[in-house]
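What follows is a single structure, written as structure tokens, with notes after it.
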Amino acid sequence: MEQVRFYRTGGPEVLQVEEAPVPEPGPGEVLIQHEAIGLNFIDTYHRSGLYPVPLPAVPGLEGAGVIKKVGEGVENLQPGDRVAYGAGPLGAYAQWRTMPASRVARLPDAIDCETAAAMMLKGLTAWYLLRETFRIRPGDVLLFLPAAGGVGLIAGQWAKALGAVTIGACSSGKVEKAKAHGYDHVIAYDREDLAERVAEITDGRGVDVVYDGVGAATFESALSCLKRRGLMVSFGNASGPVTGVNLGLLAEKGSLYVTRPVLMDYVAEDADLARASAELFEMVASGRVRISIDQRYPLSEAAQAHADLEARRTTGQTILLP
Ligand SMILES: NC(=O)c1ccc[n+]([C@@H]2O[C@H](COP(=O)([O-])OP(=O)(O)OC[C@H]3O[C@@H](n4cnc5c(N)ncnc54)[C@H](OP(=O)(O)O)[C@@H]3O)[C@@H](O)[C@H]2O)c1
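Counting the sequence shown from 1 gives a position; our numbering is that position plus 7.
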């Protein structure tokens, strides 16, 4: 089978396409033949070394396909089942892979494998951000950035379905995309001043919560968008990690709260992963969240997919096809 592996950290060019034997499922594992693999910004952090992983490594935390074999002791799944996963472990950039049975979810008929591979990691992220980190209630006002990316388009629709007032921010060429996916107001942060526009939209009140996946480039201006005692959820590093936070800023801007969450801490327990997956499936199967697969690449072109994601050339979800 074909897989993509990197032996040293670096740019997209370190991703190598190679042949490997189809693995055997061990006890408690299933063997999956992938129909599609999800591309995520975190894959670029693993490849670049921002988030260190043991080398060599097959990247990828998200995929969907059909179970071909089950290992000893697996009782709840069987060959022929269509399944998906979005919380690792690493190893998705391959035609076939094994997975712990407890970390995959059986797909409902309404969700095809390409959609599932595109939505699991990003949808589980939207779930915990909106349902756990800050529990959105009707009327809450939120700012989400980047709004037109993989997580952003799912979060906009989900937040709208929960009754929030949704403000998104993204680069100017992607504004219409964000507006079509749940955002009431969209700020082009490459042309407009984020805090000024949020003040206008909220009549000077500020937002209840900011979800910021852009990181270094927007952290301070996003803090200025919060209401007094509002919550900053800094969940990503697309422009680089946020470092050296001056706590005095939180006082100055109104006794703010800050958290730096990661998906794995919200779905570490199998029961939480199953609960989150069920809610996500319900949102997508009911049509309240539409998955926008805007880019498809052959698995062998994973390096190009990484380059496009890092150069901000993508919108919505991206999948790799084995
Ligand atoms: N903590 C967690 O649990 C968790 C889980 C999943 C994802 N994330 C984070 O969520 C963010 C979004 O992830 P995603 O996979 O859905 O990616 P994505 O949003 O599809 O792509 C990243 C987007 O970030 C924006 N961006 C702003 N400055 C950038 C820069 N200097 N370089 C590259 N991109 C820049 C771009 O949109 P514009 O052109 O509109 O600026 C780009 O399209 C990432 O930071 C990721 O690490 C965190």
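Ideal Cβ positions, reconstructed from N, Cα and C, are used throughout, including at glycine.
Quantities reported herein were computed from a predicted structural model and do not represent experimental measurements.
Residue from the options with nearest C-alpha to residue i
i: D197; options: V214, V217, A176; result: A176
i: V172; options: K181, L137, G180; result: L137
i: Y304; options: T321, A312, R297; result: A312
i: M8; options: A125, T250, E26, Y14; result: E26
i: F226; options: Q40, G17, F242, R235; result: F242
i: V182; options: A168, K167, G156, E207; result: G156
i: R89; options: A124, L327, A166; result: A124
i: L97; options: L327, K186, E69, K75; result: E69
i: G170; options: R142, T322, Y218; result: R142
i: L336; options: D210, A154, A71; result: Residue 336 is absent from the model: the chain starts at 8 and stops at 329.
i: A112; options: P145, S228, T209, A281; result: A281
i: V291; options: M106, G67, L160, A154; result: L160
i: A133; options: S307, D219, A258, T250; result: D219
i: T322; options: Q302, E308, L328; result: Q302
i: A278; options: N47, A154, G251, R110; result: R110
i: P248; options: L22, V24, A202, F48; result: F48
i: A185; options: R297, G146, R267; result: R297
i: V65; options: H192, I208, L306; result: L306
Residue j beta carbon less than 8 Å from that of residue i
i: I216; j: G237; result: The residue you asked about is not Ile; residue 216 is Val in the sequence shown. Contact: yes.
i: Q164; j: G189; result: yes
i: A275; j: S246; result: no
i: G95; j: V73; result: no
i: Y100; j: V11; result: yes
i: A108; j: V37; result: yes
i: W103; j: H53; result: no
i: A162; j: S178; result: no
i: S293; j: Q324; result: no
i: P59; j: Y14; result: no
i: T16; j: G56; result: yes
i: A310; j: E20; result: yes
i: L256; j: L230; result: yes
i: T140; j: V240; result: yes
i: L328; j: Y135; result: no
i: E317; j: T51; result: yes
i: L254; j: S228; result: no
i: I326; j: A154; result: no
i: R319; j: A168; result: no
Continuous alpha helix (DSSP H) stretch holding residue i: start and end
i: S334; result: An answer regarding residue 334 cannot be provided, because it is not within the stretch 8 to 329 covered by the chain.
i: V148; result: Looking at the DSSP string, V148 is not in any alpha helix (DSSP H); the run it does join, the beta strand (DSSP E), is 148 to 152.
i: A224; result: From DSSP, A224 is part of no alpha helix (DSSP H); its letter is neither H nor E.
i: A64; result: Careful: A64 lies outside any alpha helix (DSSP H) and carries neither H nor E.
i: T132; result: 120 to 135
i: Y52; result: 48 to 55
i: R204; result: 201 to 208
i: K181; result: First-last for K181: undefined, no H or E at that position.
i: G255; result: 254 to 259
Per DSSP, cross-strand counterpart(s) of residue i
i: H192; result: I174
i: M271; result: Answer is none; M271 lacks a bridge partner.
i: Q23; result: R12
i: P305; result: L328
i: A91; result: A71, A112
i: I300; result: Q324
i: V217; result: L150, M239
Where the beta strand (DSSP E) containing residue i begins and where it ends
i: L233; result: 233 to 241
i: I332; result: One cannot answer for residue 332 here, as it falls past the ends of the chain, which runs 8 to 329.
i: K167; result: It is not in any beta strand (DSSP E) - K167 instead sits in the alpha helix (DSSP H) that spans 157 to 168.
i: K76; result: 70 to 77
i: T105; result: 103 to 107
i: V265; result: 264 to 266
Open item on the list: Under 8 Å: do the segment 282 to 290 and the segment 262 to 269 share three or more Cβ pairs, one atom per stretch?
Closed with: no
- [ ] Could you tell me whether the segment 107 to 121 touches the segment 140 to 152, using the rule of 3 or more Cβ pairs below 8 Å?
- [x] no
Task: Cβ pair count under 8 Å reaching 3, the segment 28 to 44 against the segment 75 to 95 - done: yes
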